[in-house]
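*Asks:*
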Amino acid sequence: MDQLKLRVLICFFDLEAKDCSVTNLAQLLGEEKYTISRTMGALEKSGYLDRTNRRRPFLTKAGEQAAKRYKDRLDIALEYLLHEGIGQADAKKDAIFMALCCTDETFQRLREKEGCGRVKMMFRDGTTFGGEKLCRYWENGVYHLPFMMYTNIENGHISRWNQEFAHPGLLEIKNRIGIVQIRVSFEKRYTKFWYWDGENYRNFERNGSVLLFPAKFLRFISIGTEKGRMLHGEVQVKVQEHGAEEVLSLTVFIF
Numbered sequence: 036m037d038q039l040k041l042r043v044l045i046c047f048f049d050l051e052a053k054d055c056s057v058t059n060l061a062q063l064l065g066e067e068k069y070t071i072s073r074t075m076g077a078l079e080k081s082g083y084l085d086r087t088n089r090r091r092p093f094l095t096k097a098g099e100q101a102a103k104r105y106k107d108r109l110d111i112a113l114e115y116l117l118h119e120g121i122g123q124a125d126a127k128k129d130a131i132f133m134a135l136c137c138t139d140e141t142f143q144r145l146r147e148k149e150g151c152g153r154v155k156m157m158f159r160d161g162t163t164f165g166g167e168k169l170c171r172y173w174e175n176g177v178y179h180l181p182f183m184m185y186t187n188i189e190n191g192h193i194s195r196w197n198q199e200f201a202h203p204g205l206l207e208i209k210n211r212i213g214i215v216q217i218r219v220s221f222e223k224r225y226t227k228f229w230y231w232d233g234e235n236y237r238n239f240e241r242n243g244s245v246l247l248f249p250a251k252f253l254r255f256i257s258i259g260t261e262k263g264r265m266l267h268g269e270v271q272v273k274v275q276e277h278g279a280e281e282v283l284s285l286t287v288f289i290f
């Protein structure tokens, strides 16, 4: 797949079939008609285009799937570049290159960043809110969730417990419900952990060495302005080891 093939493929995905003639696409894309015709022939050979009726070519099922995939990538890349301050014309060119060349892992991270940006905009007024409200505005998926453990809310010292967890944690959203997952070290897998639900301490759900709790019990505040904005959320955690208890503040960050 090259850039012109991608552009033609997206045109067939976005436009009515009657608007996808060689002449119309040549005018729309600023290319010679013979170049567009050759490109359409290449897409036909790849199984993406049905040109049985030369006047009304259309996408095959494989073509629709490919076009949808690249369209999604193109939209994500363009949104990211515009957010980073790239000009409209350059962003459109570079988004095509990214859609063709970047890995699925890269686009997964860009989707996360896009989701974070959208959610931060929803809470840009700086008010406090709960994790339940946050999750209503996030699409289904698993997102990286940086976090820190502090000794307690009052003095804010970084706790020694940070080194006992794998970083970052994860936030899994499904049907507007969020679950936070943090992995404790193998050596601490038998340590007891509780989280504060606003009234009582509850046991973390466990899946091996992974501790899970509902994101709705996090309390968030929006900090900063525009591109520098982040969401700061926390929940109290109680740890019991060798009979001694310690209260920590589990603090998460959405940048």
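Residue numbers (this note's numbering): 36 to 290.
We put the CB at the ideal spot given by N, CA and C, even for glycine.
(1) Just how far apart, CA to CA, sit H192 and Q271?
(2) Does the distance between the C-beta of F132 and the nearest non-hydrogen atom of the ligand FMN fall short of 7 Å?
(3) How big is the Cα-Cα spacing for M265 and T95?
(4) For the beta strand (DSSP E) containing N238, list its first residue and its last residue.
(5) Report the rounded CA-to-CA distance for K68 versus D129, giving the unit in angstroms.
(6) Could you give the DSSP three-state label for M133: helix, strand or coil?
(7) In whole angstroms, what separates the C-alpha of S220 from that of A201?
(8) Given that a residue counts as buried once 16 or more other Cβ atoms are within 10 Å of its Cβ, and exposed if not, what is L50?
(9) Tell me the DSSP bridge mates of R241?
(10) From which residue to which residue does the beta strand (DSSP E) around Q271 run?
(11) Which residues bound the alpha helix (DSSP H) around N216?
(12) Have a look at L135, R91, T87 and K80 and flag the residue whose alpha-carbon is nearest the alpha-carbon of D54.
(13) Does E222 pass the burial test, meaning 16 or more other C-beta atoms within 10 Å, or should it be called exposed?
(14) Classify M36 as helix, strand or coil using the three-state DSSP reduction.
(15) What does DSSP give as the partner residue(s) for L180 in the beta ladder?
*Replies:* In this structure, then:
(1) When rounded, the separation of the alpha-carbon atoms in H192 and Q271 is 14 Å.
(2) With respect to the ligand FMN, the structure offers nothing, as it holds no ligand at all.
(3) 44 Å
(4) Y236 to N238
(5) 24 Å
(6) helix
(7) 7 Å
(8) The residue in question, L50, is exposed, as its Cβ has fewer than 16 Cβ neighbours within 10 Å.
(9) L246
(10) M265 to E276 is the extent of the beta strand (DSSP E) around Q271.
(11) The sequence given here places Gln at residue 216; Asn does not occur at that position. Premise fails: Q216 lies in the beta strand (DSSP E), I212 to V219, not in any alpha helix (DSSP H).
(12) R91
(13) Counting every other CB atom within 10 Å of its CB across the protein chains shown gives E222 a total below 16, marking it as exposed.
(14) coil
(15) In the DSSP assignment, the residues bridged to L180 are G204.
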